[in-house]
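Asker: There's a structure below that I have some questions on.
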Amino acid sequence: MLNKLLHDYRIRLKRIDTIFDDVRRKHPNAVPCHAGCSQCCYALFAVPPIDGFLLLNELQSRSKDTYARAVNACKNLFEIFQRTVCTEASIPFRIEQIGWKEFESMAEMFCRPCPFLTANGHCGVYASRPRICRLAGTVFMNSETGITLPDFCDIAAAAREQTGFLPEEIDFHELDMMQMEFNDALRSCFNGVMSTGYTFPAAGVLEARQFTDRLDT
Ligand code: SF4
Ligand code: SF4
Numbered sequence: 234m235l236n237k238l239l240h241d242y243r244i245r246l247k248r249i250d251t252i253f254d255d256v257r258r259k260h261p262n263a264v265p266c267h268a269g270c271s272q273c274c275y276a277l278f279a280v281p282p283i284d285g286f287l288l289l290n291e292l293q294s295r296s297k298d299t300y301a302r303a304v305n306a307c308k309n310l311f312e313i314f315q316r317t318v319c320t321e322a323s324i325p326f327r328i329e330q331i332g333w334k335e336f337e338s339m340a341e342m343f344c345r346p347c348p349f350l351t352a353n354g355h356c357g358v359y360a361s362r363p364r365i366c367r368l369a370g371t372v373f374m375n376s377e378t379g380i381t382l383p384d385f386c387d388i389a390a391a392a393r394e395q396t397g398f399l400p401e402e403i404d405f406h407e408l409d410m411m412q413m414e415f416n417d418a419l420r421s422c423f424n425g426v427m428s429t430g431y432t433f434p435a436a437g438v439l440e441a442r443q444f445t446d447r448l449d450t
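Quick note: the sequence shown uses my numbering, first residue 234, plus one each step.
This is the structure we're talking about:
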């Protein structure tokens with residue numbers, strides 16, 4: 234059940250990439266993203282649990298050494314997070330337990346590279362990167378709510394300002410439904426242990442690993 238949802242989610246995420254590429258093709262000067270540009274990867278940001286599972290899935294497809302290195306990088310980042318900004322954090326971590334305002338203040342103080350960022354500034358999990366990573370670099374308007382999504386990048390914001398770019402509409406309904414369905418499936422697989430809400434990528438991977446290990450035992 235979880236694997237089928239992950240499979241469908243991955244396909245749906247690829248459609249976001251197609252939409253993003255379309256915007257970039259139509260407005261090349263308003264979308265300055267390129268390989269190696271990685272300012273957006275030095276940040277603490279929220280992801281739904283499904284993104285953590287997708288990342289773990291990707292890492293498990295790598296060699297044993299690469300997998301172990303990536304999991305260690307997540308552990309290190311989480312420990313620094315605990316030590317420096319959130320002593321009460323544990324796995325599974327939910328932003329809702331500490332509150333969004335508090336998390337945002339922590340994020341401002343916690344400017345560290347994503348554990349999946351490679352030495353040459355590339356995304357080491359590109360095909361399975363979280364949904365939010367696929368949106369950084371431009372802004373979209375949610376067609377269902379009419380709300381323009383927050384801007385994640387100063388470099389892109391400056392480029393857009395110069396070109397007079399207006400946000401394009403995007404439909405997130407299907408992805409939102411998948412996230413909810415995944416949370417429900419987690420809850421039933423793990424006897425209600427899993428709550429809804431958001432985590433961050435390193436914590437999401439550790440959570441997915443913890444629950445996958447539990448399934449295996
Ligand atoms: S979102 Fe910003 S920092 Fe990230 S790749 Fe695009 S331009 Fe570079
Ligand atoms: S998952 Fe990839 S794109 Fe997203 S922050 Fe990490 S390195 Fe950057």
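Glycine residues also receive a C-beta, built at the ideal position from the N, C-alpha and C atoms.
1) Got a sec: does ligand 1 put a non-hydrogen atom nearer than 6 Å to the Cβ of C366?
2) Skipping 5 residues on each side, what residues in its chain have a beta carbon closer than 8 Å to that of G423?
3) Less than 7 Å between the C-beta atoms of P348 and E440, yes or no?
4) Among D409, F415, A390, H406, whose alpha-carbon lies nearest the alpha-carbon of P400?
5) Out of F405, R362, T299, state which residue places its alpha-carbon closest to the alpha-carbon of N375.
6) Going by the beta-carbon positions, is the gap between A322 and L277 smaller than 7 Å?
7) Report the rounded CA-to-CA distance for M410 versus T429, giving the unit in angstroms.
8) Starting from the C-beta of V304, find all residues in its chain whose C-beta is less than 8 Å away, skip the five residues before and the five after it, and write them out in chain order.
9) With a threshold of 6 Å, establish whether the CB of C386 neighbours any heavy atom of ligand 2.
10) Check for me: the beta strand (DSSP E) holding M411 runs from which residue to which?
11) With a threshold of 8 Å, are at least 3 pairs of Cβ atoms found where one atom belongs to the region 376-383 and the other to the region 241-248?
12) Looking at G354 and ligand 1, is the gap between the Cβ and the nearest heavy atom below 6 Å?
13) So who's on the other strand from P346, going by DSSP bridges?
14) When you compare each of V318, V372, L289, L310 to D384 by their alpha carbons, which one comes out closest?
15) Rank E414, Q315, T432, F343 by C-alpha distance to the C-alpha of I365 and give the top, closest one.
16) Using DSSP's beta-bridge definition, name the partner residues of F373.
17) So, with DSSP's three-state summary, where would you put V304?
18) Would the beta-carbon of C347 be found less than 6 Å away from any heavy atom of ligand 3?
19) Within 6 Å: the Cβ of G379 and any heavy atom of ligand 1?
Answerer: Inspection of the coordinates gives the following:
1) no
2) Here residue 423 turns out to be Phe, not Gly, going by the sequence shown. Cβ within range, chain order: F444, R447.
3) no
4) A390
5) F405
6) no
7) 13 Å
8) L292, V438, L439, R442
9) no
10) No beta strand (DSSP E) contains M411, which is instead part of the alpha helix (DSSP H) from 406-422.
11) no
12) no
13) Y275
14) V372
15) T432
16) E401
17) helix
18) By its list of ligands, the structure shown excludes ligand 3, since it contains just ligand 1 and ligand 2.
19) no
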